[in-house]
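A.B. asks: Just passing along the structure, written as structure tokens.
What follows is the structure in structure tokens.
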């Protein structure tokens, strides 16, 4: 039979053991959490970096051929819009009121004259202007290939997190 002092000593020893185990357990958990947090923050930072690269690629300089194509498309579209919005309307008003087009009080309103700018520029003018531009930019094919590669990298990083989450869910 244990005497009182032995029981008190054993109880105190047991308390110290539990305190020590609790302290070590909390330290282990904190270290594991810190490790996991660093790992996932690293993945998150890498994804952010890749997204920034993707954004730069999508808004970066284009080739001369691409800007020429875009400029010609816009020039053509703006001319068509101007014909529809300004010229047809003006001629319709002149027709309806039997007045001379482009003369007197029946001219095109000042606020719409800027749209006529597109009639002053020819495709040849656009070609000549583009020829003077520096040879910078990346082709669309090259840009799309780089963006595809970035998306694959992002997918890999997302898969790491998704797989880790599935493993943790299966443990629960």
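Numbering (the numbering used here), first residue to last: 1 to 172.
Cβ coordinates follow ideal geometry from the N, Cα and C atoms, glycine included.
Bear in mind that the values here come from a model prediction, so they are computed numbers and not experimental data.
Taking residue 22 as part of the alpha helix (DSSP H), name the residues at either end of that continuous run.
C.D. replies: Here residue 22 is taken as the residue at index 22 of the chain shown, counted from 1. Where residue 22 is concerned, the enclosing alpha helix (DSSP H) stretches over 4-59.
A.B. asks: Do residue 154 and residue 53 come within 8 Å of each other at the CB atom, strictly closer than that value?
C.D. replies: Start at 1 with the first residue of the chain shown, and residue 53 comes out as number 53. Start at 1 with the first residue of the chain shown, and residue 154 comes out as number 154. No, they are not a contact pair.
A.B. asks: Would you mind stating whether residue 178 and residue 72 have Cβ atoms separated by less than 8 Å?
C.D. replies: Residue coverage of the chain in this structure runs from 1 to 172, which leaves residue 178 outside it and unanswerable.
A.B. asks: May I ask which residues mark the beginning and end of the alpha helix (DSSP H) holding residue 88?
C.D. replies: By 1-based counting over the chain shown, the position of residue 88 is 88. That run of the alpha helix (DSSP H) goes 88-97.
A.B. asks: Nearest CA to the CA of residue 111: which residue from 93, 86, 119 and 130?
C.D. replies: Taking the first residue of the chain shown as 1, we reach residue 111 at position 111. Taking only the C-alpha atoms, the option nearest residue 111 is 86.
A.B. asks: Can you check whether the CB of residue 147 is closer than 8 Å to the CB of residue 68?
C.D. replies: What you label residue 68 is simply residue 68 of the chain shown in a count that begins at 1. What you label residue 147 is simply residue 147 of the chain shown in a count that begins at 1. No, the Cβ-Cβ distance between residue 68 and residue 147 is not below 8 Å.
A.B. asks: Determine the contact status of residue 116 and residue 92, defining contact as a CB-CB distance below 8 Å.
C.D. replies: Counting from 1 along the chain shown, the entry for residue 116 is found at position 116. Counting from 1 along the chain shown, the entry for residue 92 is found at position 92. Contact flag unset, no.
A.B. asks: I'd like to confirm the pairing. Which residues does DSSP put opposite residue 140 in its beta bridges?
C.D. replies: As a working mapping, residue 140 is identified with position 140 in the chain shown. Residue 140 pairs with nothing; no bridge assigned.
A.B. asks: Express the C-alpha separation of residue 122 and residue 88 in angstroms, rounding to a whole number.
C.D. replies: Locating residue 88 in the chain shown gives position 88, where the first residue counts as 1. Locating residue 122 in the chain shown gives position 122, where the first residue counts as 1. The straight-line gap from Cα to Cα measures roughly 21 Å.
A.B. asks: Would you tell me roughly how many angstroms separate the C-alpha atoms of residue 120 and residue 98, rounded to the nearest one?
C.D. replies: Taking the chain shown and counting its residues from 1, one reaches residue 120 at position 120. Taking the chain shown and counting its residues from 1, one reaches residue 98 at position 98. So the alpha carbons of these two residues sit roughly 28 Å apart.
A.B. asks: Please report whether the beta-carbon of residue 152 lies at a distance below 8 Å from any beta-carbon of chain C.
C.D. replies: Of the chains in the structure shown, none is chain C; there is only one protein chain.
A.B. asks: So residue 75 and residue 118 are in contact, right, with Cβ under 8 Å, and what is the actual spacing, rounded?
C.D. replies: By 1-based counting over the chain shown, the position of residue 75 is 75. By 1-based counting over the chain shown, the position of residue 118 is 118. So it is a contact: roughly 6 Å between Cβ atoms.
A.B. asks: Considering only residues of the same chain and omitting the five flanking positions on each side of residue 143, which have a CB-CB separation below 7 Å?
C.D. replies: Your numbering for residue 143 matches position 143 in the chain shown. Within the same chain, residue 143 has close Cβ partners 57.
A.B. asks: Can the beta-carbon of residue 157 be found closer than 8 Å to that of residue 46?
C.D. replies: The residue labelled residue 157 in the question sits at position 157 within the chain shown. The residue labelled residue 46 in the question sits at position 46 within the chain shown. Cβ distance < 8 Å, so residue 157 and residue 46 count as in contact.
A.B. asks: Please report the distance separating the alpha-carbon of residue 137 from that of residue 62.
C.D. replies: Position 137 of the chain shown holds residue 137. Position 62 of the chain shown holds residue 62. Taking the straight line joining both Cα atoms gives about 4 Å.
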